[in-house]
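Quick notes on the structure that follows.
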Amino acid sequence: VDLVESGGGEVQSGGSLRLSCVPSERIFKSHNMAWFRLAPGKQYDYELLARIYVDGNVNYEESAKGRFTISRDISRNTMYLQMEALKPEDTGVYYCNSDVGIFIWGRGTQVTVSS
């Protein structure tokens, strides 16, 4: 399965972005999915941010709770991460994968939040 992330960019602190993830196969009904972040200088240390389960339930890690929203559109085979109230510490490369990271990591999408 190939994973393609998009939607990143550079925003000011307090800004918003919506990230998208499109897998090459329809996997949302067979795999719990998640968004991860790789902070600058942290090679291979993928930080889990949010999960969406096969049944549609979601949960968030503390760093994302209250500001990020994970969702999916099965008909479009796309998963999203809506990010609000962004902070400089949210800067990093954002990736999607199964919640246990079983697929090959995509290129990610860069998010840069300036103060």
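70 is the number of the first residue of the sequence shown in our numbering; add one for each residue after it. Even glycine gets a Cβ: it sits at the ideal position worked out from N, Cα and C. Quick caveat, the model's predicted, so the values are computed rather than measured.
Beta-carbon spacing of residue i, residue j below 8 Å
{"i": "P92", "j": "L118", "result": "no"}
{"i": "L107", "j": "G175", "result": "no"}
{"i": "S89", "j": "S75", "result": "yes"}
{"i": "R120", "j": "D159", "result": "no"}
{"i": "V127", "j": "I139", "result": "yes"}
{"i": "R141", "j": "F97", "result": "yes"}
{"i": "F105", "j": "Y115", "result": "yes"}
In DSSP terms, what residue i is bridged to
{"i": "V80", "result": "V182"}
{"i": "I139", "result": "L150"}
{"i": "S85", "result": "In DSSP, S85 forms no bridge with anything."}
Range of the contiguous beta strand (DSSP E) that encloses residue i
{"i": "F105", "result": "102 to 107"}
{"i": "G161", "result": "161 to 167"}
Query raised in the report: Is the region 142 to 150 in contact with the region 175 to 183, if contact means three or more CB pairs nearer than 8 Å?
Result: no
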